[in-house]
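Enquirer: Going from the sequence shown to our numbering is simple: count from 1 and add 24.
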Amino acid sequence: MMKKQYILIAACMLLGVTSVTAQRKTLREWGFPTGIFETGRYNAITDVPGVTVGHITRIEGDSIRTGVTAIVPHQGDLFRKKTPAAVYVGNGFGKLAGTTQVRELGNIETPIILTNTLSVPAGIEGAVRYTLMQPGHEHVRSVNAVVGETNDGHLNDIRGMHVTPQMVVDAINGAQGGPVEQGNVGAGTGTVCFGFKGGIGTSSRTLPQSLGGYTVGVLAQTNYGGILEIDGVQVGQRLQKHDFINHVRKNENVDGSCMMVVITDAPLDSRNLERVAKRAMMGMAKTGGIASNGSGDYVIALSVAPENLIDDQAKMITSTVLANGEMSPIFAATIEATAEALWNSLFMADTMTGRDGHKVDAIPVKEVLEMLKNR
Numbered sequence: 025m026m027k028k029q030y031i032l033i034a035a036c037m038l039l040g041v042t043s044v045t046a047q048r049k050t051l052r053e054w055g056f057p058t059g060i061f062e063t064g065r066y067n068a069i070t071d072v073p074g075v076t077v078g079h080i081t082r083i084e085g086d087s088i089r090t091g092v093t094a095i096v097p098h099q100g101d102l103f104r105k106k107t108p109a110a111v112y113v114g115n116g117f118g119k120l121a122g123t124t125q126v127r128e129l130g131n132i133e134t135p136i137i138l139t140n141t142l143s144v145p146a147g148i149e150g151a152v153r154y155t156l157m158q159p160g161h162e163h164v165r166s167v168n169a170v171v172g173e174t175n176d177g178h179l180n181d182i183r184g185m186h187v188t189p190q191m192v193v194d195a196i197n198g199a200q201g202g203p204v205e206q207g208n209v210g211a212g213t214g215t216v217c218f219g220f221k222g223g224i225g226t227s228s229r230t231l232p233q234s235l236g237g238y239t240v241g242v243l244a245q246t247n248y249g250g251i252l253e254i255d256g257v258q259v260g261q262r263l264q265k266h267d268f269i270n271h272v273r274k275n276e277n278v279d280g281s282c283m284m285v286v287i288t289d290a291p292l293d294s295r296n297l298e299r300v301a302k303r304a305m306m307g308m309a310k311t312g313g314i315a316s317n318g319s320g321d322y323v324i325a326l327s328v329a330p331e332n333l334i335d336d337q338a339k340m341i342t343s344t345v346l347a348n349g350e351m352s353p354i355f356a357a358t359i360e361a362t363a364e365a366l367w368n369s370l371f372m373a374d375t376m377t378g379r380d381g382h383k384v385d386a387i388p389v390k391e392v393l394e395m396l397k398n399r
């Protein structure tokens with residue numbers, strides 16, 4: 025009975041959030057495209073063929089503001105057809121479960137789960153349970169779940185551990201292609217970014233055929249700090265709202281975290297995927313993020329090129345991968361898509377009040393747009 029009640033509440037609240045965020049616009053929708061490459065159809069990580077995203081949002085009472093976001097890399101058997109992958113750590117004050125095996129073997133075998141700091145164990149259990157339930161996995165006895173987090177404890181009763189393994193399973197099962205909800209949803213429900221309401225953001229880039237025609241998609245969970253810049257404009261300074269401003273006016277929290285997931289259909293191995301992941305940190309730097317001492321800033325990069333999925337039962341594996349000399353356009357696309365995903369997380373988020381009456385305002389869109397117009 026409790027499980028059914030939770031699902032009903034979560035579904036209703038998710039619909040409520042959707043109706044609000046539908047009124048928000050991304051930076052590009054406001055008429056400020058960034059970068060030189062075109063986006064995919066949805067300007068989302070789901071522009072990469074086969075990628076789906078699912079959110080479960082939990083907003084209850086005056087103190088529960090949290091959730092789960094699941095990214096499913098492809099629509100086959102993830103455990104039997106593993107995705108080449110890599111992890112890059114910009115700053116390691118965080119919890120990203122499953123990293124040692126990803127680094128050792130160069131692949132991922134589950135959906136990627138994002139949630140809050142104290143719910144990583146629930147994320148692991150949910151991803152493992154999902155994997156064990158799949159047909160043909162009756163004899164599986166080891167699963168490496170990849171689960172990342174940021175700390176939503178300013179707005180959320182994080183000590184209550186309100187994320188459950190079933191929420192994780194529901195997020196995976198509910199994952200869809202097409203447009204991706206952004207802002208105060210899923211793992212971004214209770215997050216804060218540059219002192220404003222953060223959340224989930226996504227973007228994509230599609231290279232021209234002359235550069236391979238590959239797509240790079242990024243999804244980010246933003247909860248980090250620094251000195252906000254948008255497309256080269258010093259927004260944080262002009263608004264007088266940024267880290268270290270306590271030295272001149274008031275105290276702001278410097279620390280936080282950011283999880284960035286990069287997926288491409290370019291045929292890359294784990295070595296070059298790590299190089300891609302490093303470029304996502306460059307995208308974060310374009311937004312003014314500083315990877316502070318108390319920030320967990322992680323990038324997970326995957327390739328879903330069908331010909332290079334790793335058959336876990338094969339004795340020999342033959343793959344075709346891009347040469348090093350062909351990587352630069354993918355690097356540039358990753359930087360562009362990451363920065364725009366991070367900015368979108370701010371533009372798509374709404375003001376939220378949560379635990380102990382804490383209120384975090386959304387970025388003042390009209391004021392920021394004027395800055396961009398009159399740069």
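Cβ coordinates follow ideal geometry from the N, Cα and C atoms, glycine included.
Is the closest heavy atom of the ligand ZN to the C-beta of Q99 under 7 Å?
Expert: The ligand ZN is not part of the structure shown, which contains no ligands of any sort.
Enquirer: Could you give the residue range of the alpha helix (DSSP H) that holds R303?
Expert: Counting along the chain, the alpha helix (DSSP H) containing R303 begins and ends at S294 to K310.
Enquirer: Among T288, Q245, W367 and K119, whose alpha-carbon lies nearest the alpha-carbon of G318?
Expert: When only C-alpha atoms are compared, the closest one is K119.
Enquirer: Classify T124 as buried or exposed, calling it buried when 16 or more other Cβ atoms lie within 10 Å of its own Cβ.
Expert: Exposed.
Enquirer: For the stretch 190-254, which segments carrying the beta strand (DSSP E) assignment without a break, of at least 3 residues, lie completely within its bounds, in sequence order?
Expert: Segments of the beta strand (DSSP E) lying fully in the stretch 190-254: 224-230 and 239-247.
Enquirer: Would you mind sorting L142 into buried or exposed? The rule is 16 or more other CB atoms within 10 Å of its CB.
Expert: Answer is buried; the Cβ neighbour count reaches 16.
Enquirer: Among the candidates K397, L396, D385 and A373, whose CA atom is the shortest distance from the CA of Q47?
Expert: Measuring from the Cα of Q47, the nearest candidate turns out to be A373.
Enquirer: Please determine, among H178, A386, R153 and D176, the residue with the shortest C-alpha to C-alpha distance to S166.
Expert: Among H178, A386, R153 and D176, the Cα nearest to that of S166 belongs to R153.
Enquirer: I need the DSSP call for L138, collapsed to helix, strand or coil.
Expert: Strand, per DSSP.
Enquirer: Looking only at its chain, what residues have a beta carbon closer than 6 Å to the beta carbon of T76, apart from the 5 residues adjacent to it on each side?
Expert: The answer, listed in chain order, is V96, A199, Q200 and G201.
Enquirer: What residues match up with K397 in a beta bridge as DSSP calls it?
Expert: Beta-bridge pairing links K397 to no other residue.
Enquirer: What's the C-alpha gap between V345 and M351?
Expert: Each residue's alpha carbon lies about 11 Å from the other.
Enquirer: What are the partner residues of T288, as DSSP defines its beta bridges?
Expert: BP columns for T288 point to V240 and S327.
Enquirer: Starting from P108, follow its DSSP beta bridges and name the residues at the other end.
Expert: Paired residue(s): N131.
Enquirer: Can the beta-carbon of L156 be found closer than 8 Å to that of V144?
Expert: Against a cut-off of 8 Å, the Cβ pair of V144 and L156 comes out as no contact.
Enquirer: Taking V167 as part of the alpha helix (DSSP H), name the residues at either end of that continuous run.
Expert: Neither: V167 is in no alpha helix (DSSP H) and is coded neither H nor E.
Enquirer: Exposed or buried, K310, counting other C-beta atoms within 10 Å across all chains shown (16 or more means buried)?
Expert: Answer is buried; the Cβ neighbour count reaches 16.
Enquirer: Just curious, the beta strand (DSSP E) that I148 is in, first and last residue?
Expert: Where I148 is concerned, there is no enclosing beta strand (DSSP E), although the alpha helix (DSSP H) it sits in stretches over V144 to M157.
Enquirer: Within 10 angstroms of its Cβ, does R399 collect 16 or more other Cβ (buried), or is it exposed?
Expert: Classification for R399: exposed.
Enquirer: Specify whether the stretch 353-372 and the stretch 211-229 touch according to this definition: at least 3 beta carbon pairs, one from each stretch, less than 8 Å apart.
Expert: Yes: the two stretches touch, three or more of their Cβ pairs being nearer than 8 Å.
Enquirer: Contact between the stretch 278-291 and the stretch 236-251 is defined here as three or more beta-carbon pairs at a separation below 8 Å; is this criterion met?
Expert: The answer is yes - the stretch 236-251 touches the stretch 278-291, with three or more Cβ pairs under 8 Å.
Enquirer: Between the beta-carbon of I440 and the beta-carbon of V92, is there less than 8 Å?
Expert: This structure gives no information on residue 440, because the portion of the chain shown stretches from 25 to 399.
Enquirer: Which term fits E331, buried or exposed, when burial requires 16 or more other beta carbons within 10 angstroms of its beta carbon?
Expert: E331 should be labelled exposed.
Enquirer: Using C-beta distances below 8 Å, list every residue in its chain close to K339, excluding the 5 sequence neighbours before and after it, in chain order.
Expert: Taken in chain order, the list of residues that qualify is empty.
Enquirer: Going by DSSP, what residue range makes up the alpha helix (DSSP H) through T362?
Expert: Segment S352 to F371, the alpha helix (DSSP H) holding T362.
Enquirer: Quick one: what's T174 bridged to in DSSP?
Expert: Partner(s): N140.
Enquirer: Could one say the Cβ of I287 lies closer than 8 Å to chain D's Cβ atoms, at least one of them?
Expert: The structure shown contains no chain D; it holds only a single protein chain.
Enquirer: Where do the N-terminal and C-terminal ends of the beta strand (DSSP E) with V77 fall, by residue?
Expert: Note, V77: beta strand (DSSP E), T76 to E84.
Enquirer: Where DSSP assigns a beta bridge to N180, which residues make up the other side?
Expert: For N180, which the question treats as bridged, DSSP gives no partner whatsoever.
Enquirer: Please identify the residue among T90, R52 and L129 whose C-alpha is closest to the C-alpha of I334.
Expert: For I334, the nearest C-alpha among the options comes from L129.
Enquirer: So, with DSSP's three-state summary, where would you put G91?
Expert: Note: G91 maps to strand in three-state DSSP.
Enquirer: Which same chain residues end up closer than 6 Å to A363 when comparing Cβ atoms and leaving out the 5 residues on each side of it in sequence?
Expert: Taken in chain order, the residues that qualify are G307, K310 and T311.
Enquirer: If you reduce the DSSP assignment to three classes, tell me which class D321 lands in.
Expert: Looking at D321 - three-state DSSP - the assignment turns out to be strand.
Enquirer: Kindly indicate which three-state DSSP category T377 falls into: helix, strand or coil?
Expert: It is a strand residue.
Enquirer: One question on the structure: do T215 and D255 come within less than 8 Å of each other, judged by their Cβ atoms?
Expert: The answer is no: Cβ separation not under 8 Å.
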